[in-house]
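Here the protein sequences come in this chain order: H and C.
Heads up, the first sequence is in the working numbering, so the first residue is 301 and it goes up one at a time.
Heads up, the second sequence is in the working numbering, so the first residue is 2 and it goes up one at a time.
Comments concern the structure below.
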Amino acid sequence: MINQKRIRFIRNAALYSTIAAVVLSVPIFTQSAYILHLLVLTGIYLMLAQSFNLLLGYVGYLSLAQTAFFGIGAYTSTILAVTYKQSFWIGLVLAILIPAVIAAAVGIPFLRLSRHSFVISTLGFLVICWLIARNWVEVTRGPLGIPGIPSPTLNLFNQLSISFASRTNYYVLTMVFALILHLLLIKLVGSRIGRAFIAIREDEALAQAVGINTMKYKLLAFTISAGMAGIAGSLFAHYITFLDPTVFEFYTLEHVLVITLVGGSGTIGGPILGSIVFTVLPEILRAAKEFRLIIYGFILLFTVLLMPEGIGGKFKAYMHKRRIKEVYAK
Amino acid sequence: MSAEAIFAQHLVNGLLLSGIYGLVAVGLTLIYGVLEIVNFAHGEFYMLGAYFTFIASSWLGLPYYISVALAVAFSAIIALFVERGAIRPITGRSFESKVLGTFAISMILANTVLLLFTATPRTVRTGLAGTIEFAGVFFSVERVLALLAGYLAFFALHLFLQRTRLGKAIRAVAQNREACYVVGIDPHRIARLTFTLGIGLAGLAGALIAPIFSIEPSMGQAVVLKAFAIVIVGGFGSVKGAAVAALIVGLGESLVGGYISATLKDGLAFLIIILVLILRPQGIFGRATRVL
C-alpha cells in the first residue's frame, strides 16, 4: 500500500517537473517577443479562467465577479506601486489578500442565495466595481487610467537584482506563478475539501444532509478563487503597465467564459487548452475586436447547445469509458 | 425655476423611467415565469428596438408612430428566430446552460450592432419637438408621449393577461406546467408566445426611449441590470411586483440623480438588488419557496 503511494508520488513528481521544465524552457527555443507576449497573456488568462473554473466546475456556482476580483487585484497592486512606491511583491501579496477578504465579506450574503440570484448579484458586484473605478477619481484617476506601472524586480540578499522588464523574464515569472497555482489547485480538488466541493456541485441538499457544512466550503472556494483572480490581475497590470476601468468591462468576462466553457469546466486540463486556443486564435483571425466577440458569442452558444461539458469533459468521459471497458475485458 | 417645478420635472422623469424599466422588466419576469430562463439577452432587444426606430425614422424617413410599430414588429421577428434557434434547445437544461446561452445571445447581438453602427451615440428625431405646459411647468412632448405610451402598454398587457384566454394560458403555464398538459394547453406554444411578447415589450421600451436619450450599442447592458433589480425586488415571476418595483427604481433613480448625486443614481439599482437579496431573498411580492 505504502509502496504504491510512493510510486504514485514519484510518478507525479516526475510528471510535474517535466511539465515545468518544458514550460520554462520555451524561451530557449524561441526569442520571438511576439510569441512570448502571447504566452504571457495565455498564462494570465489561464489563472483567471481557473479561478472561474474552481467555482463553476467544482462547486457549481457561476460567478461573474471573477473579473471584478481580477480588476481589484490589478488596481491594488498598481496603486501600491505607482502611488505608494511599494515593491511589486508587497503589491502582489495584497492583490491576493484584498480580493480574498472582499470575497469573504460579500460571499456571506451572496452564497446564501439561489444559484440564479447568485449570478445576478455577482454581476451587480462587477458593475459596482466598474462604477467605483470610474468615479473614485482621487484614487483610480477614473477613466484616464494609471500609466507607467513599473516592472517587477527581485532583489536577492541585496546582491543579485533581477528585473522582469524583458519579455523572457516576465514569461518565466508568469509561468512560475501559473505552475505553482496549478499544483496547488490539483492538490486542492483532489483533497477532502475538493470532494466536498464536488458534493455541493452534484447535490447541495444531499451534501448538507451527509454533514458537509456547505456554506463554509462555498465561502472557502469563493475566497480562494478571488485570491487567484487577484494574482492574475496583479500580473496583468504590471505586464501591460497601464490600467483603466475597462478591465471591469464585459470583454474580459466573455474571454474567460469562452476559455473555461469550451475547454471544459470541472477539469484542470480544459481551461489550459482553452486559454491557449483562445489567445492564439484571435491572433490568427486578426479580426476587429467586435467581430471577434461575435464569433466568441457563437462559439459559446454552440458549446452550450452541443457540448456543454467542453472538450475537457468529453475527453474525461472518453477516458472513463475506456477504463470501464478495460476492467470488463479483464 | 421654482423648487416645485424642478421637483415636478424629476417626478415626470422618474415616472417615465419607471414605465420604460417596467416594460423591460415585465417581459423578463414573464419569460422567467413561463420558461424558467433568466434572459441575460433581454436588454439587447431593448437596444434593438431603439436601433430599429433609428433606422426607420432617420434613414427611411418614416413617421415616428410607424417607426415604433416597425421596431416592435422586427424585435418580435428576431425573437422568434432566437427562440427557435437557441431558447428552445436550452429549455430544460441545467441553469448554467441557460445563463450562458442567453449571455452568448447577448454578446452576439450587442457586438453585431456595434460592428454595424459603431459605438457612436445616435439620436432619433421625431418631428414632435415642442413642450406641453401643465400647471405652470413645461414638459417636452416626446417625454409625455413616451410616458403615456409606456403606461398604456402596461395596462393593455394587464388586461391581456387577466381577461383573454391566451393571457390566462400564459399564467397557467407559469403556475403549473404539468397541469397544462392535462387541460390541453401546449406549453411549448405558450413559451414561444411569451418569449415573443416579452421581447416585443422590450423592443417597445427601446423604441419609446430612442427620441429621448441618445442610443448606443451598450444601452442594453445598462438597462437589463436595472430590470434584474426590479424583478428581484418584485419577486421572480410576479407581474404586479415588477410594476411596483419599477416605480420604486425609476422614481428613486430620478430623485437620487436630481438631488444627491449622478454617480449614486447609476449604482442605486445594484444597491437595491443587494439589500433586497440579503433582507428578503424571495422579493417583496414573491412567495417564499425553497429552491436549492
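Virtual Cβ for every residue (Gly too), placed ideally from N, Cα, C.
Check whether chain H comes within 8 Å of residue i, counting only Cβ atoms and requiring the distance to be less than that.
| i | result |
| --- | --- |
| C/P90 | yes |
| C/T113 | yes |
| C/V292 | Its pLDDT being 41, under 50, C/V292 is placed unreliably in this model, and the value from its coordinates should be taken loosely. By this cut-off, C/V292 is an interface position. |
| C/F203 | Reading off the sequence shown, one finds Ala at residue 203 of chain C, where the question assumed Phe. No, no contact with chain H. |
| C/G268 | yes |
| C/L31 | no |
| C/V39 | yes |
| C/F229 | yes |
| C/T264 | yes |
| C/A206 | no |
| C/I261 | no |
| C/L226 | yes |
| C/I274 | yes |
| C/A26 | no |
| C/F271 | yes |
| C/L81 | no |
| C/I279 | yes |
| C/A244 | no |
| C/L116 | yes |
| C/I233 | yes |
| C/A87 | yes |
Express the C-alpha separation of residue j and residue i in angstroms, rounding to a whole number.
| i | j | result |
| --- | --- | --- |
| C/A211 | C/I78 | 20 Å |
| C/L278 | C/G242 | 15 Å |
| C/L49 | C/I213 | 16 Å |
| H/T422 | H/F410 | 8 Å |
| H/Y470 | C/F140 | 60 Å |
| H/T474 | H/I531 | 10 Å |
| H/H555 | C/A9 | 45 Å |
| H/G442 | H/E549 | 14 Å |
| C/A154 | C/T30 | 16 Å |
| H/N435 | H/I402 | 19 Å |
| C/W60 | C/T121 | 16 Å |
| C/R291 | H/A505 | Because C/R291 sits at a pLDDT of 43, beneath the cut-off of 50, its placement in the model cannot be relied upon, and the point is left open. |
| C/V39 | C/L24 | 16 Å |
| H/G570 | C/A70 | 47 Å |
| H/L319 | H/L338 | The sequence given here has Ile at residue 319 of chain H, not Leu. The straight-line gap from Cα to Cα measures roughly 19 Å. |
| H/E626 | H/A313 | 26 Å |
| C/S98 | C/F196 | 18 Å |
| H/S317 | H/L485 | 16 Å |
| C/L293 | H/K516 | Residue placement at C/L293 cannot be trusted, given a pLDDT of 35 that sits under 50; what the coordinates show is reported in the next sentence. Distance between the alpha carbons of C/L293 and H/K516 is about 16 Å. |
| C/L194 | C/D187 | 11 Å |
| H/P399 | H/V406 | 10 Å |
| H/I595 | C/Y182 | 39 Å |
Contact criterion: CB-CB distance below 8 Å. Does residue i meet it with respect to chain C?
| i | result |
| --- | --- |
| H/N435 | yes |
| H/F477 | no |
| H/S417 | yes |
| H/S525 | no |
| H/I446 | no |
| H/L423 | yes |
| H/F591 | yes |
| H/I594 | yes |
| H/P450 | no |
| H/P571 | no |
| H/P409 | yes |
| H/I402 | no |
| H/V427 | yes |
Check whether the Cβ of residue i lies closer than 7 Å to any heavy atom of the ligand GTP, and answer yes or no.
| i | result |
| --- | --- |
| H/I428 | The ligand GTP is not among the ligands present in this structure, which contains no ligands whatsoever. |
Which partner residues of residue i appear in the DSSP bridge assignment?
| i | result |
| --- | --- |
| C/S141 | C/T132 |
| H/N303 | H/N303 is not bridged to any residue. |
| H/T453 | H/S463 |
| H/I446 | H/L543 |
| C/R123 | C/I216 |
Contact defined as beta carbons within less than 8 Å: I believe residue i pairs with residue j. What is the distance between those atoms, to the nearest angstrom?
| i | j | result |
| --- | --- | --- |
| C/A228 | C/H11 | Contact flag wrong, Cβ pair sits at about 21 Å. |
| C/R123 | C/S215 | 6 Å |
| C/G15 | C/G251 | 5 Å |
| H/A529 | H/F497 | Actually they do not touch by this definition, with Cβ atoms about 17 Å apart. |
| H/L479 | H/V323 | 7 Å |
For residue i, which residues in chain D fall below 9 Å Cβ to Cβ?
| i | result |
| --- | --- |
| H/G597 | Looking at the structure shown, chain D is missing, and the protein chains on hand are H and C. |
For the segment 92-108 of chain C, which residues have a CB atom closer than 9 Å to at least one CB atom of chain H, in sequence order?
R94, S95, F96, E97, S98, K99, V100, L101, G102, F104, A105, I106, S107 and M108
Pull out every residue of the segment 375-399 of chain H whose Cβ sits closer than 9 Å to any Cβ of chain C, in chain order.
none
Below 9 Å between beta carbons is the criterion; list the residues of the segment 607-626 of chain H that meet it against any residue of chain C, in chain order.
P608
Return the residues of the segment 537-555 of chain H that lie within a Cβ-Cβ distance of less than 8 Å from chain C, sorted by chain order.
F550 and E554
Would you list, in chain order, the members of the segment 512-523 of chain H that have their beta-carbon closer than 9 Å to a beta-carbon of chain C?
none
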